[in-house]
Structures are given as structure tokens and as C-alpha cells.
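**Student:**
There are 2 protein chains.
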Amino acid sequence: MTTEQVATPRPLRKDAARNRELLIEAAREVFARRGLEASLDDVAHHAGLGVGTAYRHFANKYELASALMERTIETIVSSAQQALLVDDPWEGLVAFLEASLAVQTADRGLREVLMGVHDPQKMAQVHDRLFGPISELLHRAQQSGAVREDADTTDLGFINGMMCTVADMAGDSSPDLWRRYLTMCLDGLRPGGTAFPTAALSEPEFRDAMANHKHILTRTTKDTSAGWDGPPAT
Amino acid sequence: MTTEQVATPRPLRKDAARNRELLIEAAREVFARRGLEASLDDVAHHAGLGVGTAYRHFANKYELASALMERTIETIVSSAQQALLVDDPWEGLVAFLEASLAVQTADRGLREVLMGVHDPQKMAQVHDRLFGPISELLHRAQQSGAVREDADTTDLGFINGMMCTVADMAGDSSPDLWRRYLTMCLDGLRPGGTAFPTAALSEPEFRDAMANHKHILTRTTKDTSAGWDGPPAT
DNA sequence: AGAAAGTGGAGTAGGCACCTCCGTATTAGG
DNA sequence: CCTAATACGGAGGTGCCTACTCCACTTTCT
Numbered sequence: 207m208t209t210e211q212v213a214t215p216r217p218l219r220k221d222a223a224r225n226r227e228l229l230i231e232a233a234r235e236v237f238a239r240r241g242l243e244a245s246l247d248d249v250a251h252h253a254g255l256g257v258g259t260a261y262r263h264f265a266n267k268y269e270l271a272s273a274l275m276e277r278t279i280e281t282i283v284s285s286a287q288q289a290l291l292v293d294d295p296w297e298g299l300v301a302f303l304e305a306s307l308a309v310q311t312a313d314r315g316l317r318e319v320l321m322g323v324h325d326p327q328k329m330a331q332v333h334d335r336l337f338g339p340i341s342e343l344l345h346r347a348q349q350s351g352a353v354r355e356d357a358d359t360t361d362l363g364f365i366n367g368m369m370c371t372v373a374d375m376a377g378d379s380s381p382d383l384w385r386r387y388l389t390m391c392l393d394g395l396r397p398g399g400t401a402f403p404t405a406a407l408s409e410p411e412f413r414d415a416m417a418n419h420k421h422i423l424t425r426t427t428k429d430t431s432a433g434w435d436g437p438p439a440t
Numbered sequence: 207m208t209t210e211q212v213a214t215p216r217p218l219r220k221d222a223a224r225n226r227e228l229l230i231e232a233a234r235e236v237f238a239r240r241g242l243e244a245s246l247d248d249v250a251h252h253a254g255l256g257v258g259t260a261y262r263h264f265a266n267k268y269e270l271a272s273a274l275m276e277r278t279i280e281t282i283v284s285s286a287q288q289a290l291l292v293d294d295p296w297e298g299l300v301a302f303l304e305a306s307l308a309v310q311t312a313d314r315g316l317r318e319v320l321m322g323v324h325d326p327q328k329m330a331q332v333h334d335r336l337f338g339p340i341s342e343l344l345h346r347a348q349q350s351g352a353v354r355e356d357a358d359t360t361d362l363g364f365i366n367g368m369m370c371t372v373a374d375m376a377g378d379s380s381p382d383l384w385r386r387y388l389t390m391c392l393d394g395l396r397p398g399g400t401a402f403p404t405a406a407l408s409e410p411e412f413r414d415a416m417a418n419h420k421h422i423l424t425r426t427t428k429d430t431s432a433g434w435d436g437p438p439a440t
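Chains H and B, in that order, give the protein sequences.
Those letters in the first sequence? Residues 207 to 440, by my numbering.
Those letters in the second sequence? Residues 207 to 440, by my numbering.
Structural data, given as C-alpha cells:
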């Protein structure tokens, strides 16, 4: 066992390694700002590299994005577990939502993955890992009397979705506006509120809804096109 | 003043008139269900007619959609005015939101127009007509002590957006779910809630945000494509 | 220095939405 | 009933856009 390394078959040339890093960093920025609708071409240019280079390193944008997101998703899952360790159940719940949303609102690509815009299966996997902890977080808060009894875990899913919308609407100029509306929603979760006129979705219904909505998000492009009375415009 | 009609230059042939109605009806359904992303081709087929027919009657889908939406938007504006006549300010505010959202959640095309997905100008016009009445509705409620003092008219805009998201997420299978979350948000608007950590957007900021978000919504298509590890799939 | 590895970006492929065109069908009315 | 005027249908043209490939050229490694 000397200094030999058996792991890597071919050590990757110096410039190649550097470019790979550049691509990953560029991808992080581009996907965060513009969502997964950005192309590998975009990422390449943002990194100051040619398209060909991007395609040699990553088969397609999903491979690149998938790797990128994995780590961030891990962060969210673990912050749910962290939150369970907070003594005050209400504070734990709030801390989790804030942490999770801080990450999501700063990264449009991540939002798209979590909302299942591109691949329902990927989203489902993530939800599998989050449902348990979040559910517990909620029940703990309910048992302590901090949250109304008729709140459901799926409500937290919808609150999450609503905050993502606020982030999309507000854009980069007011990156923290969601906190205002989260505060509002959380006040609405406290005991003693108005009776709900509609039942929450069950978990399977929620999964179904998430798997089928698609629609939301997509398209930023250079949309020069006019609008209502535009397209033909002879 | 006999039975003579001076108005129409050419009375439109019987079948043509019938088809025109069929198209309008079909457009209403198709745009409501699939949004303005549906093509005139889609509308034509839904009406059981050929594409050519659709294009003879309407220059493009925007002309058709614009006419269609105009009436509905009128409904919303007038329900804001109606709401000002309700004695209890809180009830008036709630009544307006519910009426307005009932219409919006049932019509995806309308939602897109109101959220400015296609044409910021059209949206701006609508907002011009709504801002006054809504603002008054809110201030009245605040003066009566029913709504917290630090709520802002733009908050109602965001609440509206959030409910549209819920409608998109829930889909046709739970068309009324938004009522649950509206209840929650409204409880959060009552006096005595947690202090907001972020200021509301000013009206100009709100308009800016709405004009620039684009992104949201679009694309339903027959997306056969796989997802994360899919596209190439050789 | 020579071979191996990596690069850039014009160009190809393919999909999709919008719209046109014209042979055929329907209607109006003389 | 017959003809002219009007309307219909839908195959296919056009243009746009995105994903991805290919190869002459550059950089690195030994």
C-alpha cells in the first residue's frame, strides 16, 4: 500500500478537470436563476466554454442537474431531521419550513424538481423521504397545541407550493418576500381559526395531484413575441 | 322604425353562424381546461370542425381568447364593486375574493391572462381597473378592525396568485381545495397576528413583478418524453 | 517532439405551432 | 331546380427552436 491509487482509471487531464468544475459551477448558477429549461448550451456559454465541451462531460442536462440537485435535496431532508431535535415543536416546524424554503426560493431549478415539473418519479422519491419527518414535525406541533388539529401534512405541501409561487412572482428583486406570506399562512395554522370549508387532500391524492399538474413553471426564453394582438401584426 | 336592420352588412350564412357559435363554445372549454397554450387547431377539433374554418372566423387564437375573456373580466370588476355594497366590510372583502377566485380557478386561460403570462399590457389594464375597488375594500375592512393594519393591497394580489397555484396543483379532481387555503390566509390577515418580517411590495413594485415573472404556467402538451434519465435513452 | 486527450462552434436533425390553399360541400335565392 | 356565392376541411408549407454531433484545431502529458 504505497501512494498508488487504484480508483480512477484515467486521471482526467488538467484543463479537462478545470473545465468540468467550471461547468458545474455555471450549471448551479444558470439552473438556479433560469430553471431547468436552460439548455446545456446555455450552461456552456455561461462557463465560457464551447457546447461540445459540455456534451463531452455530461450526456445531457438532466445528468448534470440531477447530480447537482441531489446534494441540495439532501440538505432539505436533513434539515427536517434537525428540526425534530428542536425542543419547542412549533419552533421546529417553523425552522424547517424556513430552511427548506430559503433553499428552494433561491433555486428555481430545485423548485421545479420538487414540484415535479420535469419528472414525477424523481419528485416522488424526494417526497418519500420527506413525508415521514414532516408528518412527525406537524403532529408534534399539534400535540403541543401549537397547530390546529384539522391541519394535515398535505397542507404543508401546499404551503410550500404557494411560497414557491410567491418567489416566482416576486423574482430576484424581492427575494425574501415569501417570508411575509409564510408568516401569514403560519398564523392561519394556529388553533382557533375559522373552520375549513374543504377537507385536505389525503396523501395519495396529494401525490396524484403533484404527479399530474405539470403545467406550472417553464419558459423564460427570449420571448420577443408580442402578446394579445401581436403575433401576426402585419 | 320597422323591422329593418341596418347593422350587419352580410347576414352570415346559416351554417357559418352555427359554426361560429360552436367555435366560441369550444374555445371557452378548451382554454378553460388547458389554458391559452391550446392552439386554434385544438379548438377547431374540439368543436368538431376543420382548422381552416377556425382561421376563417378568427385571425388567431388571441383574437378569440381576448373576446372571450373580456366578458369574464368584466364580471370580476363588477363583483368588486358589488362587494363594496355589502354592509360588513370583512364579509364584503371575503365575498369578493371568493367570487373572483371561483371564476379564476375554473378557468386556466383566465388565470394566465390575469397573471400576465402572455401579455403584460393586457394584464396591466385589468389591474388598473381592479386596484381601486380592491384597495377600498381592504381599507374599509382595516378601518372596521377586521383586518390587521399592516396588510397591503398587494398582499391580496399575492393571495390571489397563491390560490391560483393551489388550483393548478390540485387540478380538476379537487376543484374547491383553494377554499381551504383561502380560509387559512384570511385567518392570517386578521388583527393580532405575528409581525411581518418583510414589507409588502409597493404597488409599482407589484406591477413590475407581475410584468416580469412570466415563467409561471405554460406547456401541457403530449410530453411523451421521459424525464431525468430519459431523453437520449438509446 | 509526438501521441493522446480535449476543445469550439457551425451545422444537422427533428419536433411543433401557426397558418394557407384549394378541391369539395353547402346554402341562398332567382 | 340550378347556379353563384359562400363556407368547409385538413394536408402540407413555413419558420422557429432546442438537443446534440462531428471534426479540424489546440493543449497537455511523458
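Note that the Cβ used here is the ideal one computed from N, Cα and C, for glycine as well.
If you compare alpha carbons, which of Gly398/B, Ala376/B, Met390/B, Ala417/B is closest to Ala417/H?
**Tutor:** When each option's Cα is compared against that of Ala417/H, the closest is Ala376/B.
**Student:** So Trp296/H and Ala347/H are supposed to be a Cβ contact under 8 Å. How far apart are they, rounded?
**Tutor:** Right, their Cβ atoms sit about 5 Å apart.
**Student:** Locate the alpha helix (DSSP H) running through Asn366/H, then write down its first and last residues.
**Tutor:** Here the alpha helix (DSSP H) through Asn366/H covers 359 to 376.
**Student:** For a quick check, are the C-beta atoms of Leu344/H and Leu362/H less than 9 Å apart?
**Tutor:** It is a contact, given that the beta carbons lie within the stated cut-off.
**Student:** Which of the three DSSP states is assigned to Asp414/B in this structure?
**Tutor:** Asp414/B falls in the helix class under three-state DSSP.
**Student:** Grouping DSSP H, G and I as helix and E and B as strand, with all else coil, what is Glu243/B?
**Tutor:** Of the three classes helix, strand and coil, the one that applies to Glu243/B here is coil, per DSSP.
**Student:** Using a 10 Å radius around the Cβ and a threshold of 16 neighbouring Cβ atoms, would you call Lys328/H buried or exposed?
**Tutor:** Its Cβ being crowded by 16 or more others within 10 Å, Lys328/H is buried.
**Student:** Is it right to say Arg314/H is buried, meaning 16 or more other beta carbons lie within 10 angstroms of its own, or is it exposed?
**Tutor:** Arg314/H comes out buried.
**Student:** Which chain H residues sit within Cβ distance under 7 Å of Asn418/B?
**Tutor:** Chain H residues near Asn418/B: Gly377.
**Student:** Keeping to the same chain, check which residues put their C-beta closer than 8 Å to that of Gly298/B; ignore five residues upstream and five downstream.
**Tutor:** Counting only Cβ-Cβ distances below 8 Å, and skipping sequence neighbours, we find Ala289, Leu290, Leu291, Val292, Leu343, Arg346, Ala347.
**Student:** Need the endpoints of the alpha helix (DSSP H) that Ala301/B sits in, please.
**Tutor:** Residues 295 to 311.
**Student:** Please work out which residues of its chain come closer than 8 Å, Cβ to Cβ, to Thr278/B, disregarding the five sequence neighbours upstream and downstream, and give them in chain order.
**Tutor:** Excluding positions up to five away in sequence, the list reads Val309, Asp313, Leu316.
**Student:** Taking just the CA atoms, how far does Ala238/B sit from Thr443/H?
**Tutor:** The question about residue 443/H has no answer here: the residues shown for chain H are numbered 207 through 440.
**Student:** Is the number of C-beta pairs between the stretch 392 to 405 of chain B and the stretch 370 to 388 of chain H that are closer than 8 Å three or more?
**Tutor:** As far as the Cβ criterion goes, the stretch 392 to 405 of chain B touches the stretch 370 to 388 of chain H, which means the pair count is three or higher.
**Student:** Thinking Arg294/B and Thr400/H are a contact (beta carbons under 8 Å), I'd like their distance in whole angstroms, please.
**Tutor:** Per the sequence presented here, residue 294/B reads as Asp, with Arg not at that position. Contact flag wrong, Cβ pair sits at about 15 Å.
**Student:** For Asp247/B, count neighbouring Cβ atoms within 10 angstroms of its own Cβ and tell me buried if that reaches 16, exposed if not.
**Tutor:** Classification of Asp247/B: exposed, given that the 10 Å Cβ count is below 16.
**Student:** Express the C-alpha separation of Ala244/H and Arg354/B in angstroms, rounding to a whole number.
**Tutor:** The straight-line gap from Cα to Cα measures roughly 42 Å.
**Student:** Taking just the CA atoms, how far does Gln331/H sit from Leu270/H?
**Tutor:** Looking at the two C-alpha atoms, the distance is approximately 18 Å.
**Student:** Can you tell me which of the three DSSP states Thr404/B falls into?
**Tutor:** Coil, per DSSP.
**Student:** So the candidates are Asp221/H, Thr360/H, Ala232/H; which of them puts its Cα closest to the Cα of Pro339/H?
**Tutor:** When each option's Cα is compared against that of Pro339/H, the closest is Thr360/H.
**Student:** Grouping DSSP H, G and I as helix and E and B as strand, with all else coil, what is Gly258/H?
**Tutor:** Helix at Gly258/H.
**Student:** How many angstroms separate the CA atom of Ser431/B from the CA atom of His252/H?
**Tutor:** Model confidence at Ser431/B stands at a pLDDT of 32, short of 50, so the residue's coordinates are unreliable; what they give is reported in the following sentence. About 26 Å.
**Student:** Would you give the residue range spanned by the alpha helix (DSSP H) that Arg385/B belongs to?
**Tutor:** Counting along the chain, the alpha helix (DSSP H) containing Arg385/B begins and ends at 383 to 395.
**Student:** Does Thr259/B come within less than 9 Å of chain H when only Cβ atoms are used?
**Tutor:** Chain H contact via Cβ: absent.
**Student:** Compare the beta carbon distance of Gly367/H and Val372/B with 9 Å and say whether it is the shorter of the two.
**Tutor:** Contact: yes.
**Student:** Please report the Cβ distance between Cys370/B and Met390/H, rounded to the nearest whole angstrom; I am assuming they are in contact, meaning their Cβ atoms lie under 8 Å.
**Tutor:** About 16 Å separates the two Cβ atoms, so there is no contact after all.
**Student:** Going straight from the alpha carbon of Ser284/B to that of Ala305/B, what length do you get?
**Tutor:** Distance between the alpha carbons of Ser284/B and Ala305/B is about 10 Å.
**Student:** Which residue wins for smallest C-alpha separation from His263/B, given the options Gly398/B, Arg224/B, Ala357/B, Ile282/B?
**Tutor:** Of the listed residues, the one whose Cα sits closest to His263/B is Arg224/B.
**Student:** Applying a beta-carbon distance threshold of less than 7 Å, which residues of chain B neighbour Gly351/H?
**Tutor:** Simply none; closest approach about 17 Å.
**Student:** How far does the alpha helix (DSSP H) with Val283/H in it reach, from first residue to last?
**Tutor:** Per DSSP, Val283/H belongs to the alpha helix (DSSP H) from 267 to 289.
**Student:** Any Cβ of chain H within less than 9 Å of the Cβ of Ile422/B?
**Tutor:** Confidence at Ile422/B is low in this model, with a pLDDT of 43, below 50, so the placement of that residue is unreliable and no value is reported for it.
**Student:** Using a Cβ cut-off of 9 Å, which residues of the stretch 363 to 389 of chain B contact any Cβ in chain H, in chain order?
**Tutor:** Of all residues in the stretch 363 to 389 of chain B, Gly363, Phe364, Ile365, Gly367, Met368, Met369, Cys370, Thr371, Val372, Asp374, Met375, Ala376, Gly377, Ser379, Ser380, Asp382, Leu383, Trp384, Arg385, Arg386, Tyr387, Leu388, Thr389 have a Cβ within less than 9 Å of some Cβ in chain H.
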